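Respectively, the protein sequence lines represent chains A and B. Quick note on our numbering: the first sequence kicks off at 8 and runs consecutively. Quick note on our numbering: the second sequence kicks off at 8 and runs consecutively.
There are 2 protein chains.
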Amino acid sequence: MTAPTSLSTALAVALAWPALVTADPLPSWNDGDSKARIIEFVERVTDPDTQDYVPPADRIAVFDNDGTLWSEQPLYFQFYFALDQLAARAEADPALLDDPLLKSAVEGDMAAIAEAGTEGLLKIVMASYADQSVEDFIADARAWLATARHPETGLAYTDMVYQPMLELLRYLRDEDFETFIVSGGGIHFVRAFSESAYNIPPQNVVGTTGETSYSLADGVPTVTKDPGILFIDDKAGKPVGIDMHIGRRPIFAAGNSDGDFEMLEWSTAGEGPRLGLIVHHTDAEREWAYDRDSHVGQLVRGLDEGPDRGWVLVDMAADWAKIWPKEPQ
Amino acid sequence: MTAPTSLSTALAVALAWPALVTADPLPSWNDGDSKARIIEFVERVTDPDTQDYVPPADRIAVFDNDGTLWSEQPLYFQFYFALDQLAARAEADPALLDDPLLKSAVEGDMAAIAEAGTEGLLKIVMASYADQSVEDFIADARAWLATARHPETGLAYTDMVYQPMLELLRYLRDEDFETFIVSGGGIHFVRAFSESAYNIPPQNVVGTTGETSYSLADGVPTVTKDPGILFIDDKAGKPVGIDMHIGRRPIFAAGNSDGDFEMLEWSTAGEGPRLGLIVHHTDAEREWAYDRDSHVGQLVRGLDEGPDRGWVLVDMAADWAKIWPKEPQ
Numbered sequence: 008m009t010a011p012t013s014l015s016t017a018l019a020v021a022l023a024w025p026a027l028v029t030a031d032p033l034p035s036w037n038d039g040d041s042k043a044r045i046i047e048f049v050e051r052v053t054d055p056d057t058q059d060y061v062p063p064a065d066r067i068a069v070f071d072n073d074g075t076l077w078s079e080q081p082l083y084f085q086f087y088f089a090l091d092q093l094a095a096r097a098e099a100d101p102a103l104l105d106d107p108l109l110k111s112a113v114e115g116d117m118a119a120i121a122e123a124g125t126e127g128l129l130k131i132v133m134a135s136y137a138d139q140s141v142e143d144f145i146a147d148a149r150a151w152l153a154t155a156r157h158p159e160t161g162l163a164y165t166d167m168v169y170q171p172m173l174e175l176l177r178y179l180r181d182e183d184f185e186t187f188i189v190s191g192g193g194i195h196f197v198r199a200f201s202e203s204a205y206n207i208p209p210q211n212v213v214g215t216t217g218e219t220s221y222s223l224a225d226g227v228p229t230v231t232k233d234p235g236i237l238f239i240d241d242k243a244g245k246p247v248g249i250d251m252h253i254g255r256r257p258i259f260a261a262g263n264s265d266g267d268f269e270m271l272e273w274s275t276a277g278e279g280p281r282l283g284l285i286v287h288h289t290d291a292e293r294e295w296a297y298d299r300d301s302h303v304g305q306l307v308r309g310l311d312e313g314p315d316r317g318w319v320l321v322d323m324a325a326d327w328a329k330i331w332p333k334e335p336q
Numbered sequence: 008m009t010a011p012t013s014l015s016t017a018l019a020v021a022l023a024w025p026a027l028v029t030a031d032p033l034p035s036w037n038d039g040d041s042k043a044r045i046i047e048f049v050e051r052v053t054d055p056d057t058q059d060y061v062p063p064a065d066r067i068a069v070f071d072n073d074g075t076l077w078s079e080q081p082l083y084f085q086f087y088f089a090l091d092q093l094a095a096r097a098e099a100d101p102a103l104l105d106d107p108l109l110k111s112a113v114e115g116d117m118a119a120i121a122e123a124g125t126e127g128l129l130k131i132v133m134a135s136y137a138d139q140s141v142e143d144f145i146a147d148a149r150a151w152l153a154t155a156r157h158p159e160t161g162l163a164y165t166d167m168v169y170q171p172m173l174e175l176l177r178y179l180r181d182e183d184f185e186t187f188i189v190s191g192g193g194i195h196f197v198r199a200f201s202e203s204a205y206n207i208p209p210q211n212v213v214g215t216t217g218e219t220s221y222s223l224a225d226g227v228p229t230v231t232k233d234p235g236i237l238f239i240d241d242k243a244g245k246p247v248g249i250d251m252h253i254g255r256r257p258i259f260a261a262g263n264s265d266g267d268f269e270m271l272e273w274s275t276a277g278e279g280p281r282l283g284l285i286v287h288h289t290d291a292e293r294e295w296a297y298d299r300d301s302h303v304g305q306l307v308r309g310l311d312e313g314p315d316r317g318w319v320l321v322d323m324a325a326d327w328a329k330i331w332p333k334e335p336q
């Protein structure tokens with residue numbers, strides 16, 4: 008009986024060997040402090056023999072979306088969708104153009120849009136979907152994402168997700184973390200692609216939430232997107248959104264802008280081991296470089312206070328071997 | 008080699024035999040139409056060889072809480088908690104009693120409370136937790152649930168969960184459904200016991216949601232319960248809450264009152280196989296019997312329209328072999 012056993016053992020070792028040697032949960036992360044600290048944290052909280060062990064139910068990890076999981080320059084991608092939807096609506100209903108701001112939006116007058124500020128931006132976005140059913144909105148978003156291309160890279164927007172973050176999401180899930188998106192973007196827009204792009208189902212997406220209502224539309228039970236905002240999932244709204252949707256304080260939080268500051272502050276302030284991570288956009292060559300003075304994804308407090316708070320500051324140019332899954336043509 | 012193999016086979020058969028013969032996923036449900044229809048539905052949607060097969064990701068099951076998963080008579084249990092909390096607050100801050108309604112509440116003047124209607128009830132509940140942190144509120148609720156006893160049964164409130172529904176929740180989860188609570192009760196109150204009572208984690212609890220805010224309270228990052236209601240998860244609010252928190256239309260929905268009507272209407276109106284279920288309180292001997300004229304859990308439309316809509320009407324007295332896990336002493 009000795010020979011067959013040895014053969015089986017040899018076979019088992021041979022099969023396991025490559026995995027033992029090369030298993031790198033984060034192959035698109037260059038070796039360095041950021042990668043080492045992430046792996047050290049995950050190994051520590053998942054090792055039952057350490058004092059810092061965290062049971063799976065409490066392994067909640069939250070991720071901002073724009074600028075953290077996919078790109079956000081030169082404008083939040085959802086805004087391009089809103090402009091295209093608004094233009095289609097104006098074609099069917101030219102009275103929309105009586106509003107000067109909406110007219111500027113349809114004409115692509117970015118200076119006028121920028122001047123209107125956050126309030127103007129919300130007005131444009133709400134006008135782009137008002138009175139549409141949630142199901143139709145998501146179908147429209149999916150159809151748009153399938154064909155629209157980024158104005159500078161020519162890539163599909165869903166091809167501008169960050170490969171290193173896809174690996175981080177998968178690594179955490181493999182280690183029995185539950186991953187959530189906590190986005191300032193619209194909850195329904197993010198849900199249109201979160202499952203296919205990130206393997207994150209709709210129930211794990213927290214986002215800015217417009218008013219909705221339930222009614223029988225021509226006899227068909229329907230949830231409709233109404234004008235008006237119920238909840239803005241940004242800044243101090245992020246801990247509120249996490250409490251509302253998840254009901255547990257995360258032990259891992261990743262963001263890239265000061266809109267994520269309170270989320271990281273709250274997540275990393277609880278008892279036990281915790282990790283905050285900020286994606287710092289430092290790569291003007293492969294993506295974009297921006298922080299303190301950016302109109303999108305502004306990052307000031309995170310840079311000034313993050314390191315002292317023990318947050319990992321990811322240097323995209325140095326830490327990431329790859330940005331997107333595919334290179335632009 | 009024949010003998011050992013036969014022995015192993017015999018052993019395997021012997022071990023498997025009782026399971027094959029007696030495996031009943033719903034042992035506290037009496038044989039009858041309700042039980043048969045639930046099992047038929049679950050077997051159909053989980054069998055890849057049927058046209059009605061539903062992939063696991065879409066197996067979303069939603070349950071009302073009060074009157075569906077636990078009892079709700081003579082008053083919603085959360086209201087007893089609010090009264091006890093309010094009394095404790097009034098002891099520390101007697102100025103609260105300047106308000107006639109709050110005074111009536113603390114004195115247990117149920118007639119005055121009833122007269123104040125839903126608005127008065129909300130006012131009492133909000134006064135019982137205003138400005139408390141979510142963490143403290145949940146800790147208080149857990150402490151209260153650990154010691155408080157129901158005024159009529161003498162049972163702990165969490166011992167008044169329905170044994171047949173515990174089995175149904177487990178059965179669905181065993182068949183790769185994801186189970187959610189969608190309650191008119193307060194989201195934080197339900198989360199205080201959902202995991203220990205039902206094995207439903209906080210992120211799977213949808214409920215009526217008060218305003219909250221994030222701040223540094225004496226330097227400590229804190230989410231606080233403010234006065235004011237963000238969202239009422241009842242009637243037409245239930246499909247809205249499901250869309251907001253889950254983002255998928257359920258294929259199974261269970262309720263017991265007309266507050267659940269729209270949830271069942273919406274859940275059962277989608278494409279593909281769907282099942283609605285109404286717990287009808289018919290058992291005055293073991294629990295309570297009430298429907299059309301009840302001040303709590305009123306059920307009119309569900310009785311009148313449910314059967315024609317194909318919803319299972321559970322007759323508690325006839326369908327349930329057991330009500331609560333333990334009998335009252």
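Idealized CB from N, CA, C, for every residue including glycine. All values derive from a computational prediction rather than experimental measurement.
* Let me know the secondary structure DSSP gives Arg180/A once reduced to three states. => Stepping through the first sequence from its first residue, residue 180/A is reached at position 173. The answer is helix: DSSP assigns Arg180/A an H, G or I state.
* Ala150/A versus Val168/B - alpha carbon distance -> Taking the first residue of the first sequence as position 1, residue 150/A is located at position 143. Taking the first residue of the second sequence as position 1, residue 168/B is located at position 161. Roughly 45 Å separates the two Cα atoms.
* To do: Please report the residue range of the beta strand (DSSP E) in which Leu128/B lies.
  => Translated into the one-based positions of the second sequence, residue 128/B becomes position 121. Premise fails: Leu128/B lies in the alpha helix (DSSP H), 124–136, not in any beta strand (DSSP E).
* To do: Can you check DSSP and say which residues form a bridge with Arg149/B?
  => The sequence position of residue 149/B within the second sequence is 142, counting from 1. DSSP output for Arg149/B lists no bridge partner at all.
* Would you list the residues sitting across from Lys232/A in a DSSP beta bridge? => Residue 232/A sits at position 225 when you count from the first residue of the first sequence. For Lys232/A, which the question treats as bridged, DSSP gives the partners Gln139/A, Thr219/A.
* Same chain only: Cβ atoms within 7 Å of Arg51/B, ignoring 5 sequence neighbours per side -> Residue 51/B sits at position 44 when you count from the first residue of the second sequence. Thr57, Asp59, Pro280.
* **Residues that Pro208/A contacts on chain B, provided the C-beta gap is smaller than 7 Å** => Position 201 of the first sequence, counting from 1, holds the residue named residue 208/A. Those within 7 Å of Pro208/A in chain B are Ala64.
* To do: Provide the residue(s) that pair with Gly283/A in DSSP beta bridges, ordered along the chain.
  => For the purposes of this step, residue 283/A is identified with residue 276 of the first sequence, where counting begins at 1. Beta-bridge pairing links Gly283/A to Ala260/A.
* To do: For Gly1/A, decide whether its Cβ has a neighbour in chain B, counting only Cβ atoms nearer than 8 Å.
  => The structure shown does not extend to residue 1/A, since chain A is modelled only from 8 to 336, so the question has no answer here.
* To do: Sort Arg156/A, Thr231/A, Pro208/A by Cα distance to Met133/A and report the nearest one.
  => Within the first sequence, residue 133/A is the residue found at index 126, counting from 1. Of Arg156/A, Thr231/A, Pro208/A, the residue nearest in Cα terms is Thr231/A.
* To do: Measure the C-alpha to C-alpha separation of Leu176/A and Val69/A and round it to an integer number of angstroms.
  => If you number the first sequence from 1, residue 176/A lands on position 169. If you number the first sequence from 1, residue 69/A lands on position 62. Distance between the alpha carbons of Leu176/A and Val69/A is about 10 Å.
* Exposed or buried, what is Thr154/A when buried is set at 16 or more other beta-carbons lying within 10 Å of its beta-carbon? -> The sequence position of residue 154/A within the first sequence is 147, counting from 1. Under this definition Thr154/A is an exposed residue.
* Counting only runs of 3+ residues fully inside the stretch 64–129 of chain B, write out the beta strand (DSSP E) ranges in chain order. => 67–70
* **Coarse secondary structure for Leu306/B, derived from DSSP in three states** => Walking along the second sequence from the start, residue 306/B turns up at place 299. Of the three classes helix, strand and coil, the one that applies to Leu306/B here is coil, per DSSP.
* Could you work out which residues of chain A lie near Trp273/B, taking near to mean beta carbons separated by less than 8 Å? => Here residue 273/B refers to the residue found at position 266 of the second sequence. Correct list: Tyr221, Pro228, Val230.
* **Test: Pro34/B CB closer than 8 Å to a CB of chain A** => In the second sequence, residue 34/B corresponds to position 27, counting from 1. No, Pro34/B lies away from the interface with chain A (no Cβ there is under 8 Å from its Cβ).
* To do: Identify whether Met323/A lies in helix, strand or coil by the three-state DSSP scheme.
  => Counting from one through the first sequence, the residue named residue 323/A turns up at place 316. The answer is helix: DSSP assigns Met323/A an H, G or I state.
* If Gln170/B and Trp331/B are in contact, beta carbons under 8 Å, what's the gap, nearest whole angstrom? -> Along the second sequence, read from residue 1 onward, the residue named residue 170/B stands at position 163. Along the second sequence, read from residue 1 onward, the residue named residue 331/B stands at position 324. About 6 Å; that satisfies the 8 Å criterion.
* Residues of chain B with CB under 7 Å from Asp250/A, in chain order? -> On the first sequence, position 243 is the one that residue 250/A refers to. The answer, in chain order, is Val141, Thr219, Val230.
* Asked: Does DSSP classify Gly313/A as helix, strand or coil?
  -> As a first step, residue 313/A is located in the first sequence; it is residue number 306 there, counting from the start. DSSP places Gly313/A in coil when its eight states are reduced to three.
* Which whole-angstrom value describes the C-beta separation of Phe88/B and Ala148/B, a residue pair presumed to lie in contact below a C-beta threshold of 8 Å? -> Walking along the second sequence from the start, residue 88/B turns up at place 81. Walking along the second sequence from the start, residue 148/B turns up at place 141. Right, their Cβ atoms sit about 6 Å apart.
* Determine the DSSP secondary structure at Thr9/B, reduced to helix, strand or coil. => The sequence position of residue 9/B within the second sequence is 2, counting from 1. Its pLDDT being 41, under 50, Thr9/B is placed unreliably in this model, and the value from its coordinates should be taken loosely. It is helical.
* Span of the alpha helix (DSSP H), counted from its first residue to its last, around Val52/B -> Taking the second sequence and counting its residues from 1, one reaches residue 52/B at position 45. Its alpha helix (DSSP H) spans residues 40–52.
* **Three-state secondary structure (DSSP) of Arg198/B** => Here residue 198/B corresponds to residue number 191 of the second sequence, with the count starting at 1. Note: Arg198/B maps to helix in three-state DSSP.
* Beta-carbon contacts of Pro11/A that lie in its chain and below 8 Å, excluding the five residues immediately before and after -> Taking the first sequence and counting its residues from 1, the one referred to as residue 11/A is at position 4. With a pLDDT of only 46 at Pro11/A, under 50, the local geometry of the prediction cannot be trusted, and no value is derived from it.
* Asked: Which class does Ala224/B belong to by DSSP, given the choice of helix, strand or coil?
  -> The sequence position of residue 224/B within the second sequence is 217, counting from 1. Ala224/B falls in the strand class under three-state DSSP.
* Asked: Closest to Thr219/B by CA distance: which of Asn206/A, Asp116/A, Asp181/A, Val247/A is it?
  -> Locating residue 219/B in the second sequence gives position 212, counting from the first residue. The candidate whose alpha carbon is nearest that of Thr219/B is Val247/A.
* Do Ile188/B and Thr216/B come within 8 Å of each other at the CB atom, strictly closer than that value? -> Taking the first residue of the second sequence as position 1, residue 216/B is located at position 209. Taking the first residue of the second sequence as position 1, residue 188/B is located at position 181. Contact flag unset, no.
* Asked: Where does the unbroken alpha helix (DSSP H) through Ser274/B begin, and where does it stop?
  -> Counted from its first residue, the second sequence places residue 274/B at position 267. Taken as a continuous stretch (DSSP letters only), the alpha helix (DSSP H) holding Ser274/B covers 268–276.
* DSSP three-state assignment for Tyr297/A, whether helix, strand or coil -> Here residue 297/A refers to the residue found at position 290 of the first sequence. Tyr297/A: strand per DSSP, three-state reduction.
* For the alpha helix (DSSP H) holding Ile249/B, just list the boundary residues, first then last. => Residue numbering aside, residue 249/B sits at position 242 when the second sequence is read from its first letter. 244–252 is the extent of the alpha helix (DSSP H) around Ile249/B.
* **Straight-line Cα distance separating Leu109/B from Ala102/B** => As a position in the second sequence, residue 102/B is number 95, starting the count at 1. As a position in the second sequence, residue 109/B is number 102, starting the count at 1. Cα-Cα distance, rounded: 10 Å.
* Using a Cβ cut-off of 9 Å, pull out every chain A residue sitting near Thr216/B, in sequence order please. => Taking the second sequence and counting its residues from 1, the one referred to as residue 216/B is at position 209. Neighbours of Thr216/B on chain A, chain order: Met251.
* Three CB pairs or more closer than 8 Å across the stretch 228–245 of chain B and the stretch 177–185 of chain B -> no
* Report, in whole angstroms, the separation of the C-beta atoms of Gly191/A and Gly266/A, which I expect to be a contact under 8 Å. => Indexing the first sequence from 1 puts residue 191/A at position 184. Indexing the first sequence from 1 puts residue 266/A at position 259. With a Cβ gap of about 5 Å, Gly191/A and Gly266/A count as contacting.
* 8 Å Cβ cutoff met for Gly277/A and Gln210/B -> For the purposes of this step, residue 277/A is taken as residue 270 along the first sequence, with counting starting at 1. For the purposes of this step, residue 210/B is taken as residue 203 along the second sequence, with counting starting at 1. No, the Cβ-Cβ distance between Gly277/A and Gln210/B is not below 8 Å.
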